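**Student:**
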Amino acid sequence: MTAYTGQKLLDTLDAHGLEDWQGLPGRIGARFLTGDFATGLDLVSRIGAAAEEANHHPDITLTFPHVDIRLTSHDTGAVTERDLELAAQISELAASAGVSADPKIPALLELGLDTAHRDAIAPFWAALLTGDASNVSGRDVIDPAGQMPLLWFQDCEEHAVPHQRLHVDVSVPGAVAPERIRAAVEAGGTVVDESQAPSFTVLADADGNRACVCTLENRS
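Going by numbering that gives the first Met the number 0, the sequence shown runs without a break in its numbering and finishes at 219.
1. Measure the C-alpha to C-alpha separation of H15 and L23 and round it to an integer number of angstroms.
2. Using 8 Å for Cβ pairs, my map puts D139 next to W151. What's the rounded Cβ distance?
3. Would D101 pass as an interface residue toward chain D - the criterion being a Cβ-Cβ separation below 7 Å?
4. Quickly, what does DSSP pair E109 with across the bridge? List them, please.
5. Nearest CA to the CA of M147: which residue from D168, N54 and V160?
6. Could you tell me the alpha carbon to alpha carbon distance between D58 and R69, rounded to whole angstroms?
7. Could you give the first and the last residue of the continuous alpha helix (DSSP H) run that contains F63?
8. Note the first and the last residue of the continuous beta strand (DSSP E) segment covering A210.
9. Fully enclosed by the region 4-75, which beta strand (DSSP E) runs are 3 residues long or longer?
10. Could you tell me if D82 is buried or exposed, where buried requires 16 or more neighbouring beta carbons within 10 angstroms of its beta carbon?
11. Rounded C-beta distance between F123 and A176? I'm assuming under 8 Å.
12. Please state whether the Cβ-Cβ distance between W20 and L12 is less than 7 Å.
13. Considering only the beta carbon of each residue, do L17 and G39 sit closer than 7 Å?
14. With a CB to CB cut of under 6 Å and the five nearest residues on each side skipped, what residues in its chain are close to T189?
15. Taking a contact to mean a Cβ-Cβ separation below 7 Å, would you say A210 touches L110 in this structure?
16. Return the chain-ordered list of same chain residues with a C-beta closer than 7 Å to the C-beta of S72, the five sequence neighbours on each side being excluded.
Structure below.
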């Protein structure tokens with residue numbers, strides 16, 4: 000099965016006339032402007048039926064004014080003919096419902112972290128973001144629940160810990176926070192500051208990169 004990535008993916012979308020869809024790392028995405036919740040719900044129902052028939056299932060986000068769709072073939076980690084065929088069907092369903100797409104919208108957030116110690120810090124970040132230190136694949140931290148952005152590690156030379164201008168806040172239910180903190184520490188992290196717990200607890204990985212586990216408890 001052919002996997003489409005990079006420029007090849009963009010060229011293939013053009014060749015198939017999939018103007019509603021944009022190429023993203025490892026997937027394609029589209030936003031359909033339904034304008035109201037009922038229209039969006041009806042479109043999602045139609046897409047669900049088409050997906051069941053194709054035995055190939057997209058990620059769908061339904062909001063009041065629009066429906067966002069992401070398609071990928073998980074067995075290849077890339078876009079395949081299955082995605083292109085279902086994308087064409089989805090566009091046809093949207094058109095038949097009088098729904099247009101906004102091809103300028105699809106975007107994907109990924110986080111890249113420079114490190115000379117990928118193997119040492121990857122389990123910490125997997126535990127912090129997903130609760131399971133084993134959710135590491137190659138240079139990526141993967142969230143099976145699909146709630147966290149992809150975090151990947153960029154190899155770099157050994158260097159002193161720089162002043163940190165950006166850090167990650169992971170907000171979880173109060174009952175989950177102690178378990179998440181414990182998992183991160185067991186995976187090689189340290190607690191830097193717990194004076195504001197349970198509102199937030201500051202942790203650091205083995206490189207000194209800081210992150211917070213946050214809850215709504217004791218917040219105004």
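For glycine and all other residues, C-beta sits at the position ideal for the given N, C-alpha and C.
Keep in mind it's a predicted model, so treat the numbers as computed, not measured.
**Tutor:** This is what the structure gives:
1. For H15 and L23, the distance between alpha carbons rounds to 16 Å.
2. Indeed they touch by this definition, with Cβ atoms about 5 Å apart.
3. The structure shown has no chain D; it contains just one protein chain.
4. BP columns for E109 point to L149.
5. The alpha carbon of M147 has as its nearest neighbour, out of D168, N54 and V160, the alpha carbon of D168.
6. Using only the alpha carbons, I get a separation of about 5 Å.
7. That residue, F63, is in no alpha helix (DSSP H); it is neither H nor E in DSSP.
8. In the DSSP assignment, A210 falls within the beta strand (DSSP E) that extends over R209 to C213.
9. 21-23, 26-32, 58-61 and 66-70, all fully within the region 4-75.
10. Burial check for D82: the Cβ neighbour count within 10 Å reaches 16 or more, so the residue is buried.
11. About 16 Å separates the two Cβ atoms, so there is no contact after all.
12. Yes. Within cutoff.
13. Remark: C-beta atoms of L17 and G39 do not approach each other more closely than 7 Å.
14. Result list for T189: A203, in chain order.
15. In this structure, L110 does not lie closer than 7 Å to A210 by Cβ.
16. V78, T79, R81 and D82, listed in sequence order.
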